[in-house]
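Novice:
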Amino acid sequence: VIYVDADAVWRHDIGALYDTPQLHPLAGVPHGTSRDDMAEWRYFEGGWWQDQLEHRANKDFWILCMFTFIPSMLRTSDVMPLIRANYMELCTHGLSLEGVDQDLVNIVNGDVEGQSLDPRWATCFTWATEEEVQRAWMVDTCADPLVPGTKVELMERHVPEWDTLRETVRGMYR
1 VIYVDADAVW RHDIGALYDT PQLHPLAGVP HGTSRDDMAE WRYFEGGWWQ DQLEHRANKD
61 FWILCMFTFI PSMLRTSDVM PLIRANYMEL CTHGLSLEGV DQDLVNIVNG DVEGQSLDPR
121 WATCFTWATE EEVQRAWMVD TCADPLVPGT KVELMERHVP EWDTLRETVR GMYR
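Numbering of the sequence shown is given in UniProt numbering, commencing with residue 1 and proceeding in unit increments.
(1) What number of angstroms, rounded off, separates the C-alpha of T164 from the C-alpha of A85?
(2) Mind checking T123: buried by the 16 CB within 10 Å criterion, or exposed?
(3) Grouping DSSP H, G and I as helix and E and B as strand, with all else coil, what is F125?
(4) In or out: M66 buried (at least 16 other Cβ within 10 Å) or exposed?
(5) Does any C-beta atom of chain D lie closer than 7 Å to the C-beta of H55?
(6) Going by Cα to Cα distance, which pick from E113, G149, R157, Q22 is closest to V133?
(7) May I ask you to verify whether the region 22-35 touches the region 126-140, counting CB pairs closer than 8 Å and requiring at least 3?
(8) Looking at the structure shown, is C142 part of a helix, part of a strand, or coil, going by DSSP?
(9) Which residue marks the beginning of the beta strand (DSSP E) containing Y3, and which one marks its end?
(10) How many angstroms separate the CA atom of L74 from the CA atom of V112?
(11) Would you report the Cα separation of Y26 and V105, rounded to the nearest angstrom?
(12) Is D60 near P30, with beta carbons less than 7 Å apart?
(13) What's the gap between the Cα of D19 and the Cα of I2?
(14) Would you mind working out which of F69, Y173, T168 sits nearest N109, comparing C-alpha positions?
(15) DSSP puts L26 in a beta bridge; with which residues?
(16) By the 10 Å Cβ neighbour count, where 16 or more other Cβ atoms means buried, how is W49 classified, buried or exposed?
(17) In chain order, what residues of the same chain have a beta carbon less than 6 Å from the beta carbon of H12, not counting five sequence neighbours either side?
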């Protein structure tokens, strides 16, 4: 199963991701850390998240605008109770993100074997350099605390093909 945010721009054949060998039940893309000016907003590098990631085999914090999972691998008897227990803990923990969907995958990654994918599969202009955004196969529309504007305005700034994509979608509804 491939989970993708609805507000992402794809530049690559998603079928290639489906065909990527996945040896682990979960796979995701490591969160970008290349923009030094965003260091103070990288919540996963300190505090509660740093504590959570330190004891994990896979210490990558994934950007979860896109991740994959293999249900048959997750249904093993020792994995599902672990996922449920982590979910119940996250639901009551005030320091986790409000998006339990993202928290759960990042918490379970490491307890359940996770696989980090090629960084080109997903990025966000808030966390990646402009060069990385231009090379990315998928760009997520994320808010940028340094640059005010709506997600659409930010996409217009960072994704050259945005206007063409918007017109294609508008044409579908005419």
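All C-beta atoms, glycine included, are put in the ideal place defined by N, C-alpha and C.
Specialist: With the given structure in hand:
(1) 45 Å
(2) buried
(3) coil
(4) buried
(5) Among the protein chains of the structure shown there is no chain D, as only one such chain exists.
(6) R157
(7) yes
(8) coil
(9) 2-4
(10) 8 Å
(11) What sits at residue 26 in the sequence shown is Leu, not Tyr. Using only the alpha carbons, I get a separation of about 8 Å.
(12) yes
(13) 11 Å
(14) F69
(15) F69, G114
(16) buried
(17) W137
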